[in-house]
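Protein chains in written order, with the working numbering: chain D, 188 to 530; chain S, 600 to 1105; chain F, 73 to 416.
Below is one structure, written out as C-alpha cells; the observations come after it.
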Amino acid sequence: MLSVNNLSVNYGSTRVVDKLNLELGQDEILMLVGPTGCGKTTILQALAGLIPISEGAMSLGEWESTANKHVPPEKRNVGMVFQDFALFPHLTVQQNVCFRLKDTKLADHWLQLLGLDNFRDAKPARLSGGQKQRVALARTLAHEPSFVLLDEPLSNLDAALKDSLRWEIRDALKKAGVPAIWVTHDQEEALSVGDRVGILNKGVLEQLDTPEACYSSPASRFVARFMGEASFLSATFDSSAANTDKTVVTDIGNVPGTPLQGASGNVDLLVRPDDLSLDATLSETNCTVEWVRYEGESRLYAVVLDCGDELKVRVSHENAIKPGTRAFVQLITTHPLAVFPRG
Amino acid sequence: MTNWPKSYPLALLIALMALLPVGVLFSLAQDSAQLFDTHNLRVLANTVSLVVLTIIGSVLIGVPLAFLTAYVQMPFKRFWLILLAAPLALPSYIGAFAMYFSFGTGGEIENVLGISTPPISGLWGSALVMSLYTYPFVMMTTRSSLLSLDASLVNAARTLGLTLGASLWRVVLPRVVNSVAAGALLAALYALSDFGTPAIMGFDTFTRVIFVEYNAFGLSQAAMLSLQLMVIVGLILFIESRISGAQERPGKHLSLFPARWQRNLMLLATMPVVFMAIVLPLAIFTLWLVREGAGGFEFSYAWNSAHASFIAAIVAVLLAIPVAHAAIAGKAGRFMERITYFGFGVPGIVMGTALVYVGLQLPALYQTLSLLVMAYVLRFIPLAVGSVRSTAENIDSGLVKAARVLGASPREAFMRITLPLTLRGMIAGAALVFLEAMRELPATLMLGPTGFETLATYMWRVYEAGYFGRAAVPGLLLVLLSGVGLILMLSGERKAQFTVTEDDRS
Amino acid sequence: MQRRTFLQGLAAAGALSGLPFSFAHAMTQTGSVSVESLPKLEGDLTLYLGRGEGGLYENVLKAIEKRNPKLNLKIRRGGSAALANTIVAETKAGVKRADLFWAVDTGSIGMVTDAGAAKPLPDDLTAQLREDFQYPSWSPVTGRVRTLPYNTERVKPEQIPESVMALADSDLKIGWAPAYSSFQSFVTAMRILEGDKATKSWLKGINKHSKKYAGELGVVMGVERGEVDIGFANHYYTLRLKSGKPNANVALAYSKSDAGCLVNASGIVALSDGDLPVNFIRYLLSHEVQSYLAREAYEIPLVQGVEQPQGLADLSTLSPPEMDLRKLADLRPTLNLMREVGVL
C-alpha cells in the first residue's frame, strides 16, 4: 500500500506541494484534480522519484523515500503514463512495450488486450493519438509496476476518443490489480473514473473522499465549485437540537442540510443544477432567465432570483425558455445539501 | 546537496587534454621578453577586420544554403548537399593560390579566355577566400537546427498574412541564431589561425607575424604571440556564448516544393560559390598539370588521408559526447566545453610544435598514427561538440523520464534512449571533423609517422616546390573522398531521422 | 620543365668524372667523387628533409635508394624551421628519431648545431667542398646566389647599379618578399657587412618604391609580368621560370662584392653516430648528384670539380662577400630592424 506522509516539495523558495498525506488502497484508483498550477504534476513526479522532495516521506512495500534518502525511480517499481505519450521514437511498438522485459508473455497479453496486435512492428510516428496512449499503457502494465501514475493521459486526445479510452484504461488497471493515481483537470473524468477523488488547491489537498462525498458534501467552496456547477442560495439554518430534520429554509423551498464549517443562522446553501426545477408556464414567477446553454440532452439555465442570488438550473432539453423571460424556480431535491456559513 | 552530473569528470578530463597544447605554449613562451608592440596593433587591426569579414561572408553564404539544403525538396538532394559542403575539404591556401593567379591582369583567366578580370588580393581577397572555405561550418550547423524546427510556426505566420520569405525571415531565422553563431564561431577561429591565405593575398595578419617569428627561430616569441592571439579567441568565445535562443520542442520541419524553374534558379544561384571554391582551383591546377606533366603521386596518400581522418572523426565524436552533455547539464559544463575551443584558434604550425612537445612525453606513441589521430581530435573536437550538443538539447526530456520509470538506470537510459536519438548530431559532427582532418597540414607534417603522406601534405609539397600542376590530382581526390565520406555519413543520418511528434511523412 | 631521369644521369656517370673548370679561388687536392667509388648503404636511416626543391631532391633520394636496395630510407618532410624545432625538442627529451637533417637554409642548421645535436664530420668528407664552404659539424650541399632579376622590356642592364646599396636611391620599381627566409638572410649579411645604420636606411629607401610578394617565386613572376622592374631573389627561381618559358621577359643581374650577391647554401647535418649517415652525405656530395642538381635545379654545386648550372654567370665573374654562413642564423636583430622600419 502506497503511503505518503507530510510530503512537501519546493521549487527554489516556493512551496509547490504542502504536507500531502494520503494512502492508496490495494487496487484503488485515486483521481487527483485541481486547476492548472495546483501542483498535481509535481506530486506525480515526486511519487515517481523524478524530483527530490523537501519534507516528508513516502513508502511502498520495500522502499521508503524521504527528503534525505532519495530512492531513484528505477528502484521504485513505479509505472507512469505521460500526457505526451513519451514513446521511444526509434523503437517499434513491440520494442517499446518490451523495453526492459526479458519475457514477452506479459507484453503480448497487454498488446492483445488493448487491440494493438497488428501494430507490433510499427514505429510510434505512424500511430494515431489513441493508439499511442494504448501503447504507453501496455508498456507500463507489461512491466508489472507496484503502482501506476497517470499524468493527464487523455488531454491530448479528442473528446470522442477520450470517453472510450477512459474506460479502457480503467478496466485495464482493474484487471492488472494495481493501485493508481490519475491526475486530470477534467472534473467529469474525476467523478466517473476514480474510486476516490482528491482535490488540490495551490499545493494543498482540500478533500480526499469518494466522488459522491466530494460532489454532495464538499469540504469547501473551492471543492464545491470545482466538482461541478455550484450555486449558492441564501438560506437560514437552525443548528440547535430542536431542528431534528436539519431543515434549511430558503425562499424557494426547504431541504435537509449538512452543515459544514459550523454553519448556523444565515447560511449559504450549495445547490447543484439538478437540485432545481424551472417552469415558465406558471403564473407565479420569482426569477428572470439570464442565459441558456443547450447541452443536447439537457439545457442549463442561469437565472437571477428577485432577491439577487444567481442560480443555475438544469432541465430536460424539451423545456425551452427564452432569456429575459420571467420564470419560477424551485428546490426539488430531497436529499441533504451542503450548508456553508454565509460569506 | 550538490550532485555533480555524471558527465562532468570525463568532460573535465577531455577539456584539460584539449588545453594541454595551449599550456605547452606557456612554457615555450618563457624565454620571450617582448610582450606587446605598437607595430602589432596595426597587424591586430588587420586580423580583426579579416575575422569580422569572414564571419559576415560565411554567414551570408552559409545561411541561405542551409535553408536550401534543409527545406527545399529537389531531386539528388544529397548530391547538392555534398557538393556544397565540399569546400571544407580543400585547404584554403589552395583556393587562395588559385584565385590569386587566375584573376587580375596576366592571370590565367585572361590568358586562357581573354576576359580581363579584377585582381583578388588584400583584405577583400582574403575575406572572400576565407568565407568560401568556411561557410560549410555555418551551413552544416544551421541546417541541423532547421531540420528540427516545427513547421507549424511558419504555417501560422503565413495564415497571419506573411509571405513565405517574410515568414522565414521573421519566424524561422531568429530561432536558429544559436546554430548560426556556432558555425560562425568556427569560421572565425579558422580565419584567426590561418596563415596561408593572407600570406598569398599579401595581407598582413597576426598569424603572419607569428609565422615569421617561427621561421626566424624565435619559437618562444611565436608561442608568446600565439598566446596573445588566444585573448582574441577568448573574446570571440565570450561573444558567442552571449547569443542564445529560446528552447523549443522539435517538430516536423518545413518542406518546400518550388516549381521547377524556381528550383533551377536557386541551384544556379549557388553555382558561383561552387565554381569559385571547387571548380576554379581544380581547373587551374589541371591546366598547369597539362602544361607541366604529372609525376610523383601515389594512391596510398589518399588512403592515408581517408583512414586517419575517419578514425579521428569517430574518436572525436565519442569524446564529444561527455563534453556535450556536460555543456547541457550546467554552467561548469558549459565552461568546460568552451575550453575545448582554444585549440582550434591556435595557428597550425605553433599547435604542431606544442603537440610535438606533448607527444614527446609519451615516446612510445611519438610519431605514430595514434598520436596523430589524438592531435586531430584535440584540435577539432569543438566541431563535434557543437553538433552533438544542439541535437541533445532538442531531445524531449520526457523520454528519459519514461525510461527511468520503466526501471532503467541513468546509464541504461542514456545508452538506449539519449544516445540513439542524438545520432544525427553525432553524424554531422563526425562529418565536420572528417572534412577538417582531411585538409589538415601542420600537425600531420610534424606528428604523423615518418613517411606518412596524406593528400594535404603532398599538395603542400608540390606547391612549395612550384610544381602547381601536380596539385590537381590530389585536389580532385580530396574533393571526391570527402564526398564519399559525406555520403556514408548522410546515409546514416537518414536512418537516424526520428521526429518526436506526430505525422512524419518524410 | 623537361624531366630527365636521374637514373640516366647515373648511368652516364662514369663518363662525367673529372670535368675541368676554374674558380677564382685555388683548387684543393681532392676533386669530386664518383658515386661508383662510394660504399653501399645498408640498414635503416631516417632523414628529416626541410622544404626540398620539390621533385628534384626527391629524385636524388629515389636514385640513391635504387642504387642501394638494402637501404631502408624513411623521409620526414616539413618546413625547415618546423623540423629544426622538432629536432631540438627531441634532443631535449632524449628521444632519438632522426639520423640526418637536410635543410634548405643555414639558419635551421645553426639551430640544430647550437642545440648540440650535430655529430662531427670526417675531414676527408669536408675536404671535398670548396674552401669557403668547409665546416666541421655540417656539410653544405648546394648553393644559391642572391641575384637581381629584372624585366628585360622595362630595364636595360646599364641602368642596374653595381652596388646593391645604390638601389635604395634609384627610381626603379622593386619587388621583394621581406618575409622570405633567404631575403632575411641577405639582410642579415648586409647588417654584418655594412652595419645596422646603413642597412636601416637602405630598407627605408627600398620600401618607398617597392611591392611586396609572399615568396621569391612570386617576386620573379611579378618581374616577368611587368608589375615591377627589378627584384631580389635566389638565382634558381629565374632560371627555372625561363626553362619553362624560354622567351620570358626576365634576366639575371648581379651586384658586386656585397651582400647583394651573397652565396648561401642548403646544408645537411648528421644527428647520429656511425658510418651510415656520413656515407649518405657522401652520396649527396658525389659528382653525379651535384651535377644533377646543377643541371635540373639550377643550384650551385659546392663540391670542387662540378660544372655550374646553365644560365648562371660564371662564378669567377661574381664576387660574393666572405661570410661565415652560420652567422646568418642571427636573425633576431634583423627582424627587429625590419620591423622598426615597418617593412615586416
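Beta carbons: idealized from backbone N, C-alpha and C, even for Gly.
Counting contacts by CB-CB distance shorter than 8 Å, is residue i in contact with chain S?
| i | result |
| --- | --- |
| D:A273 | yes |
| D:V196 | no |
| D:V265 | yes |
| D:A233 | no |
| F:H97 | In this predicted model, F:H97 has a pLDDT of only 27, less than 50, meaning its place in the structure is not dependable; the value taken from the coordinates is given anyway. Judged by the 8 Å Cβ criterion, F:H97 is not in contact with chain S. |
| D:H330 | yes |
| D:F527 | no |
| F:M183 | yes |
| D:P260 | yes |
| F:I147 | yes |
| D:R321 | no |
| D:R486 | no |
Verify the CB distance criterion: does residue i have a CB-CB separation below 8 Å to chain D?
| i | result |
| --- | --- |
| S:I660 | no |
| S:V1004 | yes |
| S:P604 | no |
| S:L998 | yes |
| S:S1008 | yes |
In its own chain, which residues sit with a C-beta less than 8 Å from the C-beta of residue i, not counting the 5 before and 5 after it?
| i | result |
| --- | --- |
| F:V322 | P221, Y222, N223, T224, V292, V295, E296, T310, L313 and K314 |
| F:G71 | Within the shown structure, residues of chain F are numbered from 73 to 416, placing residue 71 of chain F beyond reach of any answer. |
| D:F515 | L465, D466, A467, L469, E471, T472, N473 and C474 |
Looking at residue j and residue i, is the spacing between their C-beta atoms short of 8 Å?
| i | j | result |
| --- | --- | --- |
| F:A342 | F:L113 | no |
| S:A953 | S:P620 | yes |
| F:L128 | F:E394 | no |
| F:P192 | F:P208 | yes |
| S:S819 | S:A1001 | no |
| S:S1106 | S:A617 | No answer is possible for residue 1106 of chain S: the residues shown for chain S start at 600 and end at 1105. |
| F:L197 | F:R354 | yes |
| F:I278 | F:V227 | no |
| F:I147 | F:V184 | no |
| S:T733 | S:T796 | no |
| S:L788 | S:F943 | yes |
Excluding the 5 residues preceding and the 5 following residue i in the sequence, name in chain order all residues of the same chain whose CB lies nearer than 7 Å to its CB.
| i | result |
| --- | --- |
| F:Q74 | Any reading at F:Q74 must be qualified, since the residue scores a pLDDT of 25, below 50, and its modelled position is unreliable; no value is offered. |
| F:L289 | Y309 |
| D:G212 | M188 and P366 |
| F:T406 | Q256, V259, T260 and R263 |
| S:I693 | P880, M1058, A1070 and G1074 |
Would you mind telling me which residues of chain D sit closer than 8 Å to residue i, beta carbon to beta carbon, in chain order?
| i | result |
| --- | --- |
| S:I1016 | F275 |
| S:S751 | Under the 8 Å cutoff, chain D gives no residues; its nearest Cβ is about 15 Å from S:S751. |
Go through its chain and collect everything with a Cβ distance to residue i's Cβ below 6 Å, but skip five positions before and after it.
| i | result |
| --- | --- |
| S:L836 | R937 and Y940 |
| D:W297 | A325, L328 and A329 |
| D:S246 | S190 |
| S:P921 | S606, L609 and A610 |
| S:R1104 | Confidence is the limiting factor: at S:R1104 the pLDDT is only 32, short of 50, which leaves the residue's position unreliable, though a coordinate-based value still follows. None. |
| S:F802 | G721, L722 and S725 |
Give me the chain F residues within the contact set of residue i, using Cβ-Cβ distance strictly less than 9 Å, ordered along the chain.
| i | result |
| --- | --- |
| S:T956 | Just to set this straight, residue 956 of chain S is Tyr in the shown sequence, not Thr. Within 9 Å Cβ-Cβ: A161, K164 and A165. |
| S:A815 | A153, G179, S253, Q256, L403, R404, T406 and L407 |
Below 7 Å on C-beta distance, what does residue i contact in chain S?
| i | result |
| --- | --- |
| F:I136 | Residues of chain S passing the Cβ test: none, with the nearest at roughly 15 Å. |
| D:F269 | G997 and A1001 |
| F:L431 | There is simply no residue 431 of chain F to check, as chain F begins at 73 and stops at 416 in what is shown. |
Is residue i close to chain F, meaning its C-beta is less than 8 Å from at least one C-beta of that chain?
| i | result |
| --- | --- |
| S:P608 | no |
| S:T1049 | yes |
So with CB distances below 7 Å, who are the chain F contacts of residue i?
| i | result |
| --- | --- |
| S:L624 | Result: empty, since nearest Cβ-Cβ is about 13 Å, beyond 7 Å. |
What does residue i reach in chain S if we use C-beta pairs closer than 9 Å?
| i | result |
| --- | --- |
| D:L237 | K1000, R1003 and V1004 |
Chain D partners of residue i, CB-CB under 9 Å?
| i | result |
| --- | --- |
| S:P1019 | F275, H277 and L278 |
Interface residues of the region 397-427 of chain D facing chain S [CB-CB below 7 Å]: none
Proximal residues, the region 948-973 of chain S versus chain F, C-beta separation under 8 Å: I948, G951, T952, V955, Y956, L959, Q960, P962, Y965 and Q966
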